[in-house]
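First the structure, in the form of structure tokens, and then the observations on it.
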Amino acid sequence: MTTLFHSARKLDANGQVDDFWALVRGDTIESVGSGRQHPEADTEVDVDGRWFVPGFIDIHAHGGGGHSFDNGREEISAALDAHRAHGTTRSVISLVANPVAQLRESLGVIAELAASDPLVLGSHLEGPFLSSDRRGAHNPQFLLDPLPWAVDELLGAARGTLRQITIAPEREGALEAIDILVENRVTVAVGHTDAGFDLTREAFDRGARLLTHVFNAMAPIHHRAPGPIIAAFEDERVTIELILDGLHVHPDVAALVFRSAPGRVALVTDAMAAAASDDGDYRLGSLNVTVKDGLAVLSGTSTIAGSTLTQDAALRCAIQATGISPRDAVAALTITPAAALGYGHRFGYLAPGFAADAVLLDHEWQVSEVWAAGAKL
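For our numbering, add 238 to where a residue sits in the sequence shown, where the first one is 1.
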């Protein structure tokens with residue numbers, strides 16, 4: 239089956255093209271062009287001048303729609319449905335710190351889901367190898383050093399579907415663990431850490447290639463102690479996660495991140511169950527979370543516990559509050575996160591050979607239609 243999208247305002251990291259068309263065969267874009275002359279297809283979709291952008295890719299999220307990624311396959315699927323309605327077409331399933339046995343079980347569930355659902359890219363272990371002092375909304379009882387037995391158990395449970403892992407490089411065995419994980423084609427992120435500038439640079443030299451949600455759960459920039467943020471800004475090999483909801487990072491500081499690491503910012507949601515849902519009381523792993531006015535905190539504290547963000551809202555915040563160009567904002571939701579996990583050849587552009595994932599947005603950047611793998615969601 240073929241589908242033709244036409245009369246679109248295409249926007250991806252390659253720029254804007256008006257009166258754009260794309261011919262899709264199955265789940266892949268076959269050809270593209272512009273103008274009134276275009277191929278015939280079994281089905282035509284008149285984009286009618288709306289924005290036509292690649293599907294959003296979220297490499298760091300914990301739930302949505304009232305459902306948590308920690309609670310089994312049905313809950314994961316329901317949470318993914320909530321995010322897909324907001325333009326996220328490919329997702330990495332993130333897990334908070336839990337006992338290793340529970341993490342093994344969750345990784346197995348995600349591996350099975352990834353085998354049956356191509357929109358699920360795999361898993362992300364945000365815990366348990368984190369700093370106790372920078373743990374954020376992770377249960378301190380379940381944090382541990384990334385020693386070989388733990389790394390091997392988790393790698394085995396994921397059965398080749400562990401895409402990302404966050405590590406505090408100051409923990410015992412962390413640098414050696416980075417070596418093992420890189421050999422197993424897992425993208426290592428530095429995060430939830432007290433590491434300084436030099437140790438962070440060493441972790442990057444060992445193969446870590448991500449910084450988990452910049453500015454959050456790490457030392458701030460100091461003029462005599464630049465810390466992990468400056469280390470990531472300076473290293474062109476490193477992609478920088480940013481939660482752009484206007485709450486985790488001030489929009490003006492977010493603009494500084496884009497200027498400091500052009501082409502290397504990946505917008506993530508770090509969403510918990512309340513994303514695309516209502517205020518109220520929730521769980522994040524084993525901890526209670528209270529959400530009020532869209533801000534999620536550990537109950538009874540001021541500690542932020544994930545976000546209630548969706549990727550389309552991040553796009554609007556980038557453009558409208560942070561002043562990022564639409565092209566750069568779209569790139570931060572598409573090709574940059576895709577490339578960070580080794581998928582830059584398949585996702586992130588509206589070009590021949592790329593997945594037929596697309597989001598149609600109106601002039602206010604509100605989602606009107608979402609397509610993934612050539613099918614309307």
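For each residue, glycine too, the CB sits at the ideal point set by N, CA and C.
Nothing here was measured: the structure is a model prediction, and the numbers come from that model.
- Secondary structure at Thr560: coil, using DSSP grouped into helix, strand and coil.
- Ranked by Cα distance from Gly253, the first of Leu599, Ala576, Ala567, Glu607 is Ala567.
- DSSP places Ser245 inside the beta strand (DSSP E), whose first and last residues are 240-250.
- DSSP assignment within the segment 380-416 yields the following whole alpha helix (DSSP H) runs of 4 residues or more, N-terminal first: 386-396.
- The count of Cβ pairs closer than 8 Å, one atom from the segment 282-291 and one from the segment 464-477, stays below three, leaving the stretches out of contact.
- In this structure, the straight-line span from the alpha carbon of Asp600 to that of Ala246 is close to 11 Å.
- Where Pro292 is concerned, the enclosing beta strand (DSSP E) starts and stops at 289-292.
- Rounded to the nearest whole angstrom, the C-alpha separation of Gly445 and Ala577 is 15 Å.
- Distance from Gly465 to Gly434 at the Cβ level is roughly 6 Å; contact confirmed, criterion being Cβ atoms closer than 8 Å.
- Our two residues, Val338 and Ile405, have alpha carbons roughly 15 Å apart in a direct line.
- Distances from the CA of Val495 to each of Ser524, Ile459, Asp257 were compared; the closest alpha carbon is that of Ile459.
- Shown here, Leu615 sits in coil according to DSSP, grouped into three states, outside any helix or strand.
- Taking 4 residues as the minimum length, the alpha helix (DSSP H) runs contained wholly in the segment 538-615 are 549-554, 564-571, 573-578, in order along the chain.
- Burial state of Ala463 is exposed, judged by a 10 Å Cβ sphere holding fewer than 16 other Cβ atoms.
- Distance from Thr541 to Ala352 at the Cβ level is roughly 31 Å; contact not present, criterion being Cβ atoms closer than 8 Å.
- For the pair Ile481 and Asn454, the CB atoms are nearer than the 9 Å cut-off.
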